[in-house]
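Right, one structure below, let's go through it.
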Amino acid sequence: MKLDPFYLIVDSAEWIARLVPLGVKLVQLRIKDRPETELRAEIRRAVAVCAKHQSQLVVNDHWRLAIEEGCGFVHLGQEDLATADLDAIRASGLKLGLSTHDERELETALAARPDYIALGPVYTTILKQMKWAPQGLTRLSEWKSRIGDLPLVAIGGLNVERIEDALAHGADSAAVVTDIMRHENPELRTKQWIVATAQARIRNLQ
Numbered sequence: 033m034k035l036d037p038f039y040l041i042v043d044s045a046e047w048i049a050r051l052v053p054l055g056v057k058l059v060q061l062r063i064k065d066r067p068e069t070e071l072r073a074e075i076r077r078a079v080a081v082c083a084k085h086q087s088q089l090v091v092n093d094h095w096r097l098a099i100e101e102g103c104g105f106v107h108l109g110q111e112d113l114a115t116a117d118l119d120a121i122r123a124s125g126l127k128l129g130l131s132t133h134d135e136r137e138l139e140t141a142l143a144a145r146p147d148y149i150a151l152g153p154v155y156t157t158i159l160k161q162m163k164w165a166p167q168g169l170t171r172l173s174e175w176k177s178r179i180g181d182l183p184l185v186a187i188g189g190l191n192v193e194r195i196e197d198a199l200a201h202g203a204d205s206a207a208v209v210t211d212i213m214r215h216e217n218p219e220l221r222t223k224q225w226i227v228a229t230a231q232a233r234i235r236n237l238q
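Quick note, the numbering used here runs 32 ahead of the 1-based positions in the sequence shown.
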């Protein structure tokens, strides 16, 4: 399986409707602490937008709703992985992405046979308080050598200027939140990410 090199992460279906039509082919809907009815409505809207624009939707955490709403991908953190029904996820056809931050978490993730592994934070991130220090580019290379053909997603502190280094050190996809969501012109920044990730992938294949 291959992932698009540009992996957008947003916190609402409204953002998906706003940015996916610009050419985003891989997007995660990450919503925390909302009533189930609202979550379901958000997922349904996101599914519809992504289907219209041939974009892969990844639902963060809410694997039961992802199954019920016919999604194709779910992403779990380590705490959610510990309580998720992996048999039900696999039986539904959902593909699985997992977060990792250290060696122990990587071993736990690989045992779950995911469809991709995410490593973070690569750089210092302002998205949320992290107990892990920035992993750095060397750790990306180490992780890639460990997981082989399994896609590797870099996340944390990435911006357009850092994309090339992340992909050159083993990441198959670069995930972004704040560099777009907090940009004064999210649409322009999204287009810049699309171009930069595509160009970086081409250069890395040469």
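Backbone N, C-alpha and C define an ideal beta-carbon position, used for all residues, glycine too.
With a threshold of 7 Å, establish whether the CB of residue i neighbours any heavy atom of the ligand FMN.
i      : result
His133 : The ligand FMN is not among the ligands present in this structure, which contains no ligands whatsoever.
In chain order, what residues of the same chain lie with their CB nearer than 6 Å to the CB of residue i, ignoring the 5 residues before and after it?
i      : result
Asp211 : Asn191
Thr222 : Leu51, Leu54 and Ile212
Ile187 : Ala150, Gly152 and Ala207
Gln110 : Glu137
Can you name, in chain order, every residue of its own chain whose Cβ lies under 8 Å from the Cβ of residue i, other than the five neighbours on each side?
i      : result
Ile226 : Phe38, Leu54, Gly55 and Val56
Ser173 : His201 and Gly202
Ile121 : Trp95, Ile99, Val106 and Leu128
Glu219 : Arg50, Leu51 and Leu54
Lys34  : Pro183 and Asp204
Glu74  : Ser44, Ala45, Leu61, Ile63 and Arg66
Between which two residues does the alpha helix (DSSP H) carrying residue i extend?
i      : result
Val156 : Sequence inspection shows Thr at residue 156; the Val mentioned does not correspond to that position. No alpha helix (DSSP H) contains Thr156, which DSSP labels as neither H nor E.
Gln28  : Outside the modelled stretch of the chain, which goes from 33 to 238, sits residue 28, for which no answer is possible.
Asp197 : Ile195 to Ala200
Asp119 : Leu118 to Ser124
Leu72  : The amino acid at residue 72 is misidentified as Leu; the sequence shows Arg. Counting along the chain, the alpha helix (DSSP H) containing Arg72 begins and ends at Glu68 to Lys84.
Arg50  : Ala45 to Leu51
Checking the sheet assignment: what are the DSSP bridge partners for residue i?
i      : result
His107 : Asn92 and Gly129
Ile149 : Leu130 and Leu184
What are the start and end residues of the beta strand (DSSP E) that includes residue i?
i      : result
Ile41  : Phe38 to Val42
Ala186 : Leu184 to Ala186
Val227 : Looking at the DSSP string, Val227 is not in any beta strand (DSSP E); the run it does join, the alpha helix (DSSP H), is Pro218 to Leu237.
Val208 : Ser205 to Val208
Looking at residue i: is its Cβ nearer than 8 Å to the Cβ of residue j?
i      : j      : result
Asn236 : Ala200 : yes
Ala49  : Val81  : yes
Asn62  : Glu101 : The sequence shown places Arg at residue 62, rather than the Asn named in the question. Against a cut-off of 8 Å, the Cβ pair of Glu101 and Arg62 comes out as no contact.
His107 : Gln60  : yes
Glu196 : Ala232 : yes
Asp43  : Leu58  : no
Thr229 : Gly189 : no
Leu97  : Leu71  : yes
Ala141 : Leu118 : no
Gly104 : Gln86  : no
Tyr148 : Val185 : yes
At least three beta-carbon pairs within less than 8 Å, the region 163 to 173 to the region 112 to 129: no
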